[in-house]
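Peer 1: After the structure tokens below, expect a handful of questions from me.
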Amino acid sequence: MEIDVFTLFPQAFEWFRAQRHVANALSTGLRLECVNYRDHTPLNAGQVDDTPFGGGAGMVLRVDVVEAALRARYGRDPVELREDRRVVALTPSGRLLDEELVSELARAPALTLLSGRYEGFDERVLEHFASDRLSIGRYVLAGGELAAMVVCDAVIRKLPGALGHADSALEESFSEALEGAPEYPHYTRPAEYRGWRVPEVLLSGHHARVREWRLAQSRERAGKRRPLP
Ligand code: ADE
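So the sequence shown is residues 154 to 382, counted in the numbering used here.
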């Protein structure tokens with residue numbers, strides 16, 4: 154898989170690239186690269202943003218700057234690019250990221266993530282260059298970088314070889330194996346701590362009963378924690 158992140162802060166991704174599961178995926182074929190809008194701006198003095206028409210606070214990432222960066226990277230008109238490549242703009246008003254969307258993105262051969270800054274993008278970026286608009290939650294971040302990292306993190310853990318134990322990604326919260334429910338609780342040593350005992354069934358060595366107990370716990374959690382309307 155190849156992932157390109159368009160950002161004004163490529164250095165923010167250095168820490169991310171060094172994380173174990175990302176490093177694993179990078180060594181087994183993932184390509185994760187950053188493109189700095191500022192390196193491709195057609196404007197003077199590295200300008201990338203401007204004040205909003207109609208007034209108001211903040212700065213808006215310019216459509217011509219985003220086009221120049223996309224053209225420099227892919228050598229084609231970004232209006233056509235989005236027809237055969239997922240070009241995902243990160244914006245608080247986009248589709249909420251969930252496990253289903255993560256799995257869908259993880260199946261794509263290539264992803265482009267566009268991070269916005271300040272007040273976000275000129276709307277024409279979203280309308281004409283993006284194939285998807287994605288939000289990691291209904292709150293506003295100072296920029297799309299953290300959101301892009303969240304998307305990368307969730308997608309990359311689904312790639313073969315990223316997690317040390319391939320099963321970890323199969324049976325986890327919201328997975329098909331758990332019927333979309335949150336994951337069951339985990340315990341490790343010591344078996345008793347301050348009088349708090351690990352459930353006996355987990356110590357029994359009885360795999361079928363452990364499995365049954367875990368599924369029941371997972372279903373119970375699904376019932377208790379109802380999604381917000
Ligand atoms: N950019 C700023 N806030 C964001 C959010 N909540 N999700 C995605 N991108 C963002």
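By construction, the Cβ of each residue, glycine as well, lies at the ideal position given by its N, Cα and C atoms.
Can we say the region 174-184 touches the region 321-340, given the rule of at least three CB pairs closer than 8 Å?
Peer 2: The answer is no - the region 321-340 does not touch the region 174-184, with fewer than three Cβ pairs under 8 Å.
Peer 1: Beta carbon of residue 245: closer than 7 Å to some heavy atom of the ligand ADE?
Peer 2: Yes, Cβ of residue 245 sits closer than 7 Å to a heavy atom of the ligand ADE.
Peer 1: Which one or two residues does DSSP pair with residue 349 in a beta bridge?
Peer 2: 346, per the DSSP bridge assignment.
Peer 1: For residue 211, which of 302, 313, 219, 269 has the nearest alpha-carbon?
Peer 2: The candidate whose alpha carbon is nearest that of residue 211 is 269.
Peer 1: Short of 8 Å in beta carbon distance, which residues of its chain neighbour residue 375, apart from the five on each side in sequence? Order them along the chain.
Peer 2: 332, 333, 334, 335, listed in sequence order.
Peer 1: For residue 309, which residues of its own chain have a beta-carbon under 7 Å away from its beta-carbon, when the five flanking residues on both sides are left out?
Peer 2: The residues are 174, 175, 178, 183, 315.
Peer 1: Under 7 Å from any heavy atom of the ligand ADE, does the C-beta of residue 269 make it?
Peer 2: Checking every heavy atom of the ligand ADE against the Cβ of residue 269, one is found closer than 7 Å.
Peer 1: Hey, residue 274 and residue 244: beta-carbon distance below 8 Å or not?
Peer 2: Contact flag set, yes.
Peer 1: Looking only at C-alpha atoms, which of 223, 297, 304, 267 sits nearest to residue 258?
Peer 2: Looking at the Cα atoms, 304 is the closest of the given residues.
Peer 1: Quick one, are the C-beta atoms of residue 214 and residue 278 less than 8 Å apart?
Peer 2: It is a contact, given that the beta carbons lie within the stated cut-off.
Peer 1: I'd like to confirm something about residue 294: is its beta-carbon nearer than 7 Å to some heavy atom of the ligand ADE, or not?
Peer 2: Yes; taking the cut-off as 7 Å, the Cβ of residue 294 has a heavy atom of the ligand ADE nearer than that.
Peer 1: Note down, one range per segment and in chain order, each beta strand (DSSP E) of at least 3 residues found wholly within the region 269-341.
Peer 2: You should have 285-288.
Peer 1: Contact between the region 220-227 and the region 192-203: three or more CB pairs below 8 Å?
Peer 2: The region 220-227, when compared against the region 192-203, does touch it at the 8 Å Cβ threshold.
Peer 1: Helix, strand or coil for residue 159? Go by DSSP, reduced to three states.
Peer 2: DSSP places residue 159 in strand when its eight states are reduced to three.
Peer 1: Which residues mark the beginning and the end of the alpha helix (DSSP H) in which residue 223 is found?
Peer 2: That run of the alpha helix (DSSP H) goes 216-227.
Peer 1: Heavy atom of the ligand GTP less than 7 Å from the Cβ of residue 289, yes or no?
Peer 2: What this structure holds is the ligand ADE, not the ligand GTP.
Peer 1: Any heavy atom of the ligand ADE closer than 7 Å to the beta-carbon of residue 297?
Peer 2: Answer for residue 297: yes, Cβ within range of the ligand ADE.
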